[in-house]
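Below: the structure, in structure tokens.
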Amino acid sequence: MRDLLDDLDRWRAAGKRCVVGRVVGIEGSGPREAGAAMAVNEDGEVVGSVSGGCVEGAVVAEALEMLREKDSARVVTFGYSDDEAFAVGLTCGGTIHLFLQELTW
Amino acid sequence: MISLYDELARRLRAHTPTALAVVIDGPNAGATLLVSPNQPTMGSLGDDELSRVAARDTLGELEAGRTSTRHYGPQGQTTPEDLADSPTVRVFIESFAPPPHMVIFGAVDFTSALARAAKLLGYRVTVCDARKVFATARRFPMADNIMVAWPDEVFAVHGDQLSQRDAVCILTHDPKFDVPAIQGALRTNVGYIGVMGSRKTHAKRLERLAEVGLRGDDLARVMSPIGLDIGARTPEETAISICGEIIARRTGRAAQSLSTTTGAIH
């Protein structure tokens, strides 16, 4: 999240709502460690990354829906092995758990 | 009142060790605590006792530089008996350790490339040289800090803070400078010490180090000639070779091509 500060500051100054997604767990092989983060603002602007590019597109879609529906924070899972997994997976075969939350704090 | 985010940003920019604890499921999902050693904890996880217990654990994780997920009862219960019949709250604890520090001795061409590569890897970079005309911000705009100083002065300022995550790279080629720099680095807990020079320079340097009483065992920590054997020639290639060696030393890997090895990559 350290790397996102400048962009988050800019968005907050402009009054843009945004969602931050943070990797909270990885099972199997994963390209990024827990704590890797990305953020999406209401205009669809994206900063940071949480994988090697495998799931970012799906995260953006989730984040925009979260902003649109004013959803509460939740964990989303991407990968092949989980029952609740989304259709998107990591090419390396791992499972990634992301915590998505609108930055309201 | 300053927001939790603004305080987080302030602490991270000040390189204050900081951690966030956030409830990731249940009715309080998103509730957040901001924790740093010797500073007031900010925020709440929705229950005072849960906040207190999680703040204590978060401080421990931060001190170990760990990021993890912990399970608690709704009022911060932690024992298996207490948790048996109660719903659990998952708390994600993220530690933001200050960036590692690379201290580079010698304001030469290789320094500029190494400082750029180190910034890419997230290091805070200090460039040191006793020669005022060479150690300038104009020549090393990527450096976080430039010291016109002799090695003793540099280690007097930074030596105590150097840890296993940090690196000292000595690129001076100058015995007046590199011998005291090696001596100073060896007195710290720094994780990586590398010294530039050809094999011939290295052999001569060993003689000079022996003259000041450093030999064999003392020098086991010193990587010299510096870097991995990837055939690097330019300053930029050499910077990659040095950074590769730093990573491989930290992870304990032999730095071979993955295509020639088996087993886990990360």
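Heads up: the protein sequence lines correspond to chains A and B, in order. Note that the working numbering numbers the first sequence so that position 54 is 54, with each residue one more than the last. Note that the working numbering numbers the second sequence so that position 233 is 233, with each residue one more than the last. Don't be surprised by glycine CBs; every beta carbon is placed ideally from N, CA and C.
As assigned by DSSP and simplified to three states, the class of residue i
| i | result |
| --- | --- |
| A:Ala-54 | Looking at the sequence itself, residue 54 of chain A is Cys, so the reference to Ala does not match. Reduced to three states, the DSSP call for A:Cys-54 is coil. |
| B:Ser-224 | coil |
| B:Leu-4 | helix |
| B:Ala-167 | strand |
| B:Gln-78 | In the sequence as presented, Gln is not what sits at residue 78 of chain B; that position holds Thr. Three-state result, B:Thr-78: coil. |
| B:Arg-250 | helix |
| B:Asp-160 | helix |
| B:Gln-256 | coil |
| A:Ile-26 | strand |
| B:His-101 | strand |
| B:Ala-264 | coil |
| B:Arg-352 | Since the first residue shown for chain B is 1 and the last is 266, residue 352 of chain B is missing from the structure and cannot be characterised. |
| B:Ile-240 | helix |
| B:Glu-134 | Note on identity: in this sequence residue 134 of chain B is Phe, with Glu being the wrong assignment. Three-state result, B:Phe-134: coil. |
| A:Met-66 | helix |
| A:Arg-12 | helix |
| B:Glu-245 | helix |
| B:Ser-95 | strand |
| B:Phe-177 | helix |
| B:Asp-129 | strand |
| B:Val-53 | helix |
| A:Phe-99 | strand |
| B:Ser-86 | coil |
| A:Phe-78 | strand |
| A:Glu-84 | Bear in mind that the predicted position of A:Glu-84 carries a pLDDT of just 47, short of 50, making it unreliable; the figure below should be weighed with that in mind. Coil. |
| B:His-15 | coil |
Residue i classed as buried or exposed, judged by whether at least 16 other C-beta atoms fall within 10 angstroms
| i | result |
| --- | --- |
| B:Val-212 | exposed |
| B:Pro-99 | buried |
| B:Asp-160 | exposed |
| A:Leu-100 | buried |
| A:Glu-84 | Note that A:Glu-84 scores a pLDDT of 47, beneath 50, so its modelled location is shaky; the value from the coordinates is reported in the next line. By the 10 Å Cβ count, A:Glu-84 comes out exposed. |
| A:Leu-103 | buried |
| B:Asp-129 | buried |
| A:Asn-41 | buried |
| A:Arg-22 | buried |
| A:Pro-31 | buried |
| B:Val-133 | exposed |
| B:His-266 | exposed |
Cα-Cα separation between residue i and residue j, rounded to whole angstroms
| i | j | result |
| --- | --- | --- |
| A:Ala-63 | B:Pro-27 | 19 Å |
| B:Leu-59 | B:Arg-70 | 13 Å |
| A:Ala-61 | B:Thr-111 | 43 Å |
| A:Asp-3 | A:Gly-44 | 18 Å |
| B:Leu-12 | B:Ala-97 | 9 Å |
| A:Ala-37 | A:Thr-95 | 16 Å |
| A:Asp-82 | B:Ala-118 | Low local confidence applies: a pLDDT of 46 at A:Asp-82 is under 50, so the model's placement there is unreliable, and no value is given. |
| B:Ile-2 | A:Leu-5 | 16 Å |
| B:Thr-88 | B:Phe-177 | 58 Å |
| B:Ile-93 | B:Ala-167 | 27 Å |
| B:Arg-116 | B:Gln-75 | 48 Å |
| B:Leu-51 | B:Leu-206 | First, the amino acid is wrong: residue 51 of chain B is Ser here, not Leu. The alpha-carbon atoms of B:Ser-51 and B:Leu-206 are separated by roughly 56 Å. |
| A:Ser-29 | B:Trp-150 | 46 Å |
| B:Tyr-72 | B:Gln-39 | 24 Å |
| B:Glu-237 | B:Cys-243 | 10 Å |
| A:Val-19 | B:Ala-113 | 36 Å |
| B:Leu-8 | B:Val-53 | 20 Å |
Segment contact flag, the region 10-19 of chain A with the region 42-55 of chain B, C-beta cutoff 8 Å, min 3 pairs:
no
For the region 227-261 of chain B, enumerate the residues whose C-beta is nearer than 9 Å to any C-beta of chain A, in chain order.
none
If you measure beta-carbon to beta-carbon, which residues of the region 110-129 of chain B are closer than 9 Å to chain A?
Gly-122
Anything in the region 29-50 of chain B with a Cβ closer than 8 Å to a Cβ of chain A? List those residues in chain order, please.
Ala-29, Gly-30, Thr-32, Gly-43
Using a Cβ-Cβ cutoff of 9 Å, what residues of the region 85-110 of chain B are near chain A? List them in chain order.
Arg-90, Phe-92, Glu-94, Ser-95, Phe-96, Pro-99
Specify whether the region 179-192 of chain B and the region 210-230 of chain B touch according to this definition: at least 3 beta carbon pairs, one from each stretch, less than 8 Å apart.
yes
Would you list, in chain order, the members of the region 2-26 of chain B that have their beta-carbon closer than 9 Å to a beta-carbon of chain A?
Ser-3, Leu-4, Tyr-5, Asp-6, Leu-8, Ala-9, Leu-12, Arg-13, Leu-20, Val-22, Val-23, Ile-24, Asp-25
Do the region 127-143 of chain B and the region 183-200 of chain B meet, that is, are 3 or more Cβ pairs less than 8 Å apart?
no
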